[in-house]
Amino acid sequence: MKMFFRYSVASMLSLGVFFGSCTKPDSNNTQNQPQAGGKPEKGDWMIIHQLSDPEGLNPITTSDAGARNVFSKIFEPLLDVDFASGELTPNIAEALPTLSDDHLIYTFKLKKNVKFSDGKPLTAKDVVFTMKAVKNPLLIDGGALRNYYESLVDVTTPDYYTVFMTLNKPYFIADAVLGNNVAIFPKHIFDPKGLTDKYTFAETNSLEKAQVNAAMKEFAEWFGAAERKRDVNTMIGSGPYILEEWRTGESIRLKRNDKYWNGSNNPNATSYPDKLVFKTVNDRNTALTTMKNGAIDFIEYMPPKLYVESLDTTAVPFLKKTSYIYPVYSYIGWNASRPVFADKRTRQALSHLVDRDRLIKSVMLGFALPTSSPVDFHRPEFNKDLPVYDYNPEKAKKLLADAGWGDSDNNGILDKMINGKKVEFNFTFMVNQGNEMRQNIAILLRDEFKKVGIKAEVQPIDWSVFLENSKAHEFDAYLGAWVQDPQPPDLFQLFHSSQISNRGSNYVAFNNKRADDLIEGIRLEFDTKKRTQMLMELQQVISDEQPYTFLWNVVNPAVYHKRIQGVKFYMPRPGYNPNEWWVPKTMQKYNSAN
Numbered sequence: 087m088k089m090f091f092r093y094s095v096a097s098m099l100s101l102g103v104f105f106g107s108c109t110k111p112d113s114n115n116t117q118n119q120p121q122a123g124g125k126p127e128k129g130d131w132m133i134i135h136q137l138s139d140p141e142g143l144n145p146i147t148t149s150d151a152g153a154r155n156v157f158s159k160i161f162e163p164l165l166d167v168d169f170a171s172g173e174l175t176p177n178i179a180e181a182l183p184t185l186s187d188d189h190l191i192y193t194f195k196l197k198k199n200v201k202f203s204d205g206k207p208l209t210a211k212d213v214v215f216t217m218k219a220v221k222n223p224l225l226i227d228g229g230a231l232r233n234y235y236e237s238l239v240d241v242t243t244p245d246y247y248t249v250f251m252t253l254n255k256p257y258f259i260a261d262a263v264l265g266n267n268v269a270i271f272p273k274h275i276f277d278p279k280g281l282t283d284k285y286t287f288a289e290t291n292s293l294e295k296a297q298v299n300a301a302m303k304e305f306a307e308w309f310g311a312a313e314r315k316r317d318v319n320t321m322i323g324s325g326p327y328i329l330e331e332w333r334t335g336e337s338i339r340l341k342r343n344d345k346y347w348n349g350s351n352n353p354n355a356t357s358y359p360d361k362l363v364f365k366t367v368n369d370r371n372t373a374l375t376t377m378k379n380g381a382i383d384f385i386e387y388m389p390p391k392l393y394v395e396s397l398d399t400t401a402v403p404f405l406k407k408t409s410y411i412y413p414v415y416s417y418i419g420w421n422a423s424r425p426v427f428a429d430k431r432t433r434q435a436l437s438h439l440v441d442r443d444r445l446i447k448s449v450m451l452g453f454a455l456p457t458s459s460p461v462d463f464h465r466p467e468f469n470k471d472l473p474v475y476d477y478n479p480e481k482a483k484k485l486l487a488d489a490g491w492g493d494s495d496n497n498g499i500l501d502k503m504i505n506g507k508k509v510e511f512n513f514t515f516m517v518n519q520g521n522e523m524r525q526n527i528a529i530l531l532r533d534e535f536k537k538v539g540i541k542a543e544v545q546p547i548d549w550s551v552f553l554e555n556s557k558a559h560e561f562d563a564y565l566g567a568w569v570q571d572p573q574p575p576d577l578f579q580l581f582h583s584s585q586i587s588n589r590g591s592n593y594v595a596f597n598n599k600r601a602d603d604l605i606e607g608i609r610l611e612f613d614t615k616k617r618t619q620m621l622m623e624l625q626q627v628i629s630d631e632q633p634y635t636f637l638w639n640v641v642n643p644a645v646y647h648k649r650i651q652g653v654k655f656y657m658p659r660p661g662y663n664p665n666e667w668w669v670p671k672t673m674q675k676y677n678s679a680n
């Protein structure tokens, strides 16, 4: 589950250290290696593989990582994250925001030459509109993003190019959240009836007031509609590319915005390719065959077994194998609202039944490093003293017995009395269809669990259904992953109990009072040392409760066509920037008329 994770937790990993400790790095790795080809030239298309269609392209109502890979080319935030350094940099804003001494008022000055792709200027009124859309509590699919703006109580503007954002309490990464977490929408496109003018920011902070405001209701229904996530006519942003076409289950095609306001001033927004095409092939073997036939230029991730055993570059010399660090961790999520997973001792036992070392060797073929926390292990906040949930079936059996599990009827399946009813320990692993790696992991775990009397099934389902089931807590357990960002960690989105309801991202229904207190306190703490101590304790609480069985950090095996020049990989997601890739004129395959 490669979801768009809006909490900020990853560090700029040391490439040398990471690959030095990885058991099987690719010998052909070209990470940030200079390539031949001379001066970059515009033209050609980049055909990029995606395993499934994103759920949409609206940055406010869409939360999966595949969507972000696309919509980040169409829409832009006030601040950018520099690919090379991972630092916040000005984009639509002239500079980083200034803030008041009490850390409650952030002032953004906008550049005066920013235009949307339809030629209309981007001004402060568009920023105000965007924030009102984010804050509308009736916009159900905006919940994952909205939780970061809980303390934002007002956005005002004295002129077209100045914006004051006011908080009711400090937030230690407010500059990143206010400036980079959300892209700016054109009000004239996304609010043609002026509905957001009919409610105040104060009303967005009260669900009761929102529910009696007809304009808020109407706007939430219109903006949250399915067509707002994909309509070519309304998907207008200020970015270097424009949505040209979306063929469901086939491809999403972007064309270069030749009137892009920032030209070549923003290295993140360099746009050499005429078009970026995100081609959907929901089977990775088929994707590789398609690439060998010349119809795909880049596959960002290949299952290690497929990469090692089926991609012989001597047979297809026009393809280049590489590998790069992807800022993501993989995990198993246990739904604590299911009676069989309600006891933390049961979840601890399941973690002791997961042989990570074996899975890394047999499934990942060494392209991973085990992890034990949602905080990146290179960050100073990472707790190095967390207990290791090693593979230990005997310890697992004891924990299961302590939690009340036994085989009362000698049928080989554990059972116990829950709420006066005998419940057998059986459940289903939910995995997204086409993800062979996750399916293989689940099958291996199914066989492992069977040895101790736990019956597990594996259910591959379509990605869109997977997402809906996750948000609705309609699953037993799933295999997932969260993408990370270069800023300090805020674990609110995933582990605060308020995010269980209203389609929040606490899919596993983790509810712990001490964790909530720590998460809330971390958001208010500007003293790095104190905040780090709180994060250390929070990781201990999460480790003890085991809402997730943490698996590993990922090294992505990838492949691209050798005609493509300028291929580099970075830490900020998605780890690469196809805008800056280019093809020499003599090797270009497509033209804009195709």
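One point on numbering: in our numbering, the residue at position 222 of the sequence shown is 308, and numbering is uninterrupted. The beta carbon of each residue, even a glycine, is placed where N, CA and C say it ideally should be.
Would DSSP call residue 589 helix, strand or coil? DSSP places residue 589 in coil when its eight states are reduced to three.
Beta-carbon proximity list for residue 632, same chain, < 8 Å, skipping 5 on both sides: The answer, listed in chain order, is 420, 430, 433, 434, 436, 437, 475.
So the alpha helix (DSSP H) residue 427 belongs to, where does it begin and stop? Segment: none, residue 427 is in no alpha helix (DSSP H) and carries neither H nor E.
Following the continuous alpha helix (DSSP H) through residue 499, name the residue where it begins and the one where it ends. Annotation for residue 499: no alpha helix (DSSP H) segment contains it, and DSSP assigns it neither H nor E.
Can you look up residue 390 in the DSSP assignment and give me helix, strand or coil? Residue 390: helix per DSSP, three-state reduction.
Suppose contacts are defined by Cβ-Cβ distances below 9 Å. Is residue 132 in contact with residue 404 by that definition? Result no, Cβ atoms of residue 132 and residue 404 do not sit closer than 9 Å.
Ranges of the beta strand (DSSP E) found wholly within the region 161 to 220, counting only runs of at least 3: Whole beta strand (DSSP E) segments, 3+ residues: 165 to 167, 174 to 176, 191 to 195.
Please classify residue 529: does DSSP put it in a helix, a strand, or coil? If DSSP states are grouped into helix, strand and coil, residue 529 belongs with the helices.
Reference residue 235, options 604, 261, 243, 210, closest by Cα: That would be 261, whose Cα lies nearest to the Cα of residue 235.
Enumerate in chain order the residues of its own chain whose CB-to-CB distance from residue 243 is below 8 Å, with the five nearest sequence positions on each side excluded. For residue 243, same chain residues with a beta-carbon under 8 Å away, outside a window of 5 residues either side, are 210, 211, 213, 214, 249, 250 in chain order.
Thinking just about the alpha-carbon of each residue, which of 610, 510, 490 is nearest to the one in residue 497? By alpha-carbon distance to residue 497, the top candidate from 610, 510, 490 is 510.
Here's the rule I'm using: 16 or more other beta-carbon atoms within 10 Å means buried, otherwise exposed. How should residue 516 be labelled? Around the beta-carbon of residue 516, 16 or more other beta-carbon atoms lie within 10 Å, marking it buried.
Using only alpha-carbon positions, find the residue among 591, 567, 599 that is nearest to residue 559. Taking only the C-alpha atoms, the option nearest residue 559 is 591.
May I ask you to report which of helix, strand or coil DSSP gives residue 489? Three-state DSSP puts residue 489 in coil, outside helix and strand.
Out of 203, 184, 127, which one is the CA nearest neighbour of residue 161? Closest in C-alpha terms to residue 161, from the list 203, 184, 127, comes 203.
Can you find at least 3 beta carbon pairs, one from the region 370 to 384 and one from the region 639 to 656, that sit closer than 8 Å? The region 370 to 384 and the region 639 to 656 touch, with no fewer than 3 CB-CB distances between them shorter than 8 Å.
C-beta contact flag for residue 172 and residue 657 at 9 Å: Less than 9 Å separates the beta-carbon of residue 172 from that of residue 657.
Distance CB(residue 667)-CB(residue 359) smaller than 9 Å: Closer than 9 Å, so yes.
Between the C-alpha atoms of residue 143 and residue 156, what's the straight-line distance to the nearest angstrom? Going from the Cα of residue 143 to the Cα of residue 156 covers about 7 Å.
Within 10 angstroms of the Cβ of residue 299, are there 16 or more other Cβ atoms? Answer buried if so, exposed if not. By the neighbour-count criterion, in which a residue is buried when 16 or more other Cβ atoms sit within 10 angstroms of its Cβ, residue 299 is buried.
My parser needs the beta strand (DSSP E) runs of 3 or more residues fully inside the region 618 to 649; what are they? Counting whole runs of 3 or more residues, the region 618 to 649 contains the beta strand (DSSP E) stretches 634 to 647.
On the criterion of 16 or more Cβ atoms from any shown chain inside 10 Å, does residue 91 qualify as buried, or is it exposed? Residue placement at residue 91 cannot be trusted, given a pLDDT of 34 that sits under 50; what the coordinates show is reported in the next sentence. With 16 or more other Cβ atoms within 10 Å, it is buried.
Residue of 425, 663, 187, 453 minimising C-alpha distance to residue 563: The residue with the shortest Cα to Cα distance from residue 563 is 425.
Assign residue 635 to one of two classes, buried (16 or more other C-beta atoms within 10 Å of its C-beta) or exposed (fewer than that). Looking at its Cβ environment, which holds 16 or more other Cβ atoms inside 10 Å, residue 635 is buried.
Measure from the alpha carbon of residue 147 to the alpha carbon of each residue in 225, 126, 182, 550, then state which is nearest. Distances from the CA of residue 147 to each of 225, 126, 182, 550 were compared; the closest alpha carbon is that of 225.
Please go through the same chain and pick out, in chain order, the residues whose beta-carbon is closer than 8 Å to the beta-carbon of residue 297, but skip the five residues on each side of it. So the list reads 224, 303, once near-sequence residues are dropped.
So what's residue 522 in DSSP terms, helix, strand or just coil? DSSP places residue 522 in helix when its eight states are reduced to three.
Hey, residue 416 and residue 565: beta-carbon distance below 9 Å or not? Taking 9 Å as the cut-off, the beta carbon of residue 416 is found closer than this to the beta carbon of residue 565.
Going by other Cβ atoms of all chains shown within 10 Å of its Cβ, with 16 needed for buried, is residue 194 buried or exposed? Classification for residue 194: buried.
Are the region 594 to 605 and the region 572 to 584 touching by the rule of at least three beta carbon pairs closer than 8 Å? Taking a contact to require three or more Cβ pairs closer than 8 Å, the region 594 to 605 and the region 572 to 584 qualify as touching.
What is the residue span of the alpha helix (DSSP H) that residue 273 lies within? Counting along the chain, residue 273 sits inside the alpha helix (DSSP H) bounded by residues 273 to 276.
Please report the straight-line C-alpha distance between residue 306 and residue 130, rounded to a whole angstrom. Using only the alpha carbons, I get a separation of about 39 Å.
Can you tell me which of the three DSSP states residue 302 falls into? In the three-state DSSP reduction, residue 302 falls in the helix class (H, G or I).
Which whole-angstrom value is the C-beta distance of residue 151 and residue 640, which I expect to be below 8 Å? That belief does not hold up - the Cβ atoms of residue 151 and residue 640 are roughly 12 Å apart, past 8 Å.
Using DSSP with H/G/I as helix, E/B as strand and the rest coil, what is residue 495? Of the three classes helix, strand and coil, the one that applies to residue 495 here is coil, per DSSP.
Ordered list of beta strand (DSSP E) runs contained in the region 398 to 483, each at least 3 residues: Counting only runs of 3 or more, we get 405 to 420, 454 to 456.
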